[in-house]
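Novice: In my numbering, the protein residues as written are 345 to 578. Can you keep this structure in mind? I'll have questions shortly.
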Ligand code: URA
């Protein structure tokens, strides 16, 4: 197995991060620094990352978390804010988040120790549709809906076509369901800002066909075998 994949599948980090660790000279094979990401790890090789011996493939764990507001999507925080790692702290494996949700965004976040799957799901080349329910200020006119669907400039980047539909609307606010493929920083908030609405609440309800369903905020569930196979097949 290629070295970067071997490190990622041991569940210590994503494949991208593994590439960085290799390039930085933090990986040793049988005592010697190895900088070739494509090195073919053989049976009996001792792979040491940051001084720690890596044991081949560990058990893979895949969970769906309902992230509450006020948690950062990171494993630790230098400002001591609550992290999503705390939501799965009773799981012995070290799970890391697949992609990111803003501090104030709630909803579906996948967490896993399968670095290879995490890498593939977040790679810009094959990003999957992610669906959000947004409560926004004011009315979203047909013209605005059309712009959101077609793509809007969110500051040096034009979004690709989105699926957008109104769930309900009154004079003061609108609930919109929006599905986007990319994952630019604060993308949904920026898209609405670009057309003149402010996002007041934002919840992610699905990643591809994996749905949040009825789960309390702060809780998690293990993904079903079917969901795992589905994600691997994307
Ligand atoms: N878009 C946003 O604006 N925020 C998120 O957390 C996710 C998508």
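Don't be surprised by glycine CBs; every beta carbon is placed ideally from N, CA and C.
Whose beta carbon lies closer than 5 Å to any heavy atom of the ligand URA, going through the chain in order?
Specialist: Qualifying residues, in the order they occur: 445, 446, 449, 530, 531, 532 and 533.
Novice: Roughly how far, in whole angstroms, is the beta-carbon of residue 439 from the beta-carbon of residue 455, given that I think they are within contact range, below 8 Å?
Specialist: Indeed they touch by this definition, with Cβ atoms about 4 Å apart.
Novice: At 3 residues or longer, what runs of the beta strand (DSSP E) sit wholly inside the segment 526 to 572?
Specialist: Listed in chain order, they are 543 to 551 and 564 to 566.
Novice: Determine the direct distance from the alpha carbon of residue 386 to that of residue 564, and round the result to whole angstroms.
Specialist: Looking at the two C-alpha atoms, the distance is approximately 36 Å.
Novice: Where does residue 466 sit, in a helix, a strand or coil, going by DSSP?
Specialist: Correct three-state label for residue 466: helix.
Novice: So for residue 481, helix, strand or coil by DSSP?
Specialist: It is a strand residue.
Novice: Can you tell me whether residue 420 is helix, strand or coil according to DSSP?
Specialist: Residue state, collapsed to three classes: coil.
Novice: State the Cα-Cα distance for the pair residue 483 and residue 576, rounded to the nearest angstrom.
Specialist: Going by the C-alpha atoms only, they are around 39 Å apart.
Novice: Cβ atoms of residue 532 and residue 574: under 7 Å apart, would you say?
Specialist: The answer is no: Cβ separation not under 7 Å.
Novice: Might you give, ordered along the chain, the residues of its own chain that have their beta carbon closer than 6 Å to the beta carbon of residue 370, omitting 5 neighbours on each side?
Specialist: The answer, listed in chain order, is 394.
Novice: By a C-beta neighbour count over all protein chains shown, 10 Å radius and 16 as the cutoff for buried, is residue 486 buried or exposed?
Specialist: Exposed, by the Cβ-count rule.
Novice: May I ask you to list the residues that DSSP assigns as paired with residue 437?
Specialist: The partner list for residue 437 (beta bridge, DSSP) is empty, contrary to what the question assumes.
Novice: Determine which residues share a DSSP beta bridge with residue 456 and list them.
Specialist: According to DSSP, which records beta bridges pairwise, residue 456 is partnered with 406 and 440.
Novice: Helix, strand or coil for residue 428, going by three-state DSSP, please let me know.
Specialist: Three-state result, residue 428: helix.
Novice: With a threshold of 16 other CB atoms inside 10 Å of the CB of residue 436, please say whether the residue is buried or exposed.
Specialist: By the 10 Å Cβ count, residue 436 comes out exposed.
Novice: Taking DSSP as the reference, what is the three-state secondary structure of residue 413?
Specialist: Correct three-state label for residue 413: coil.
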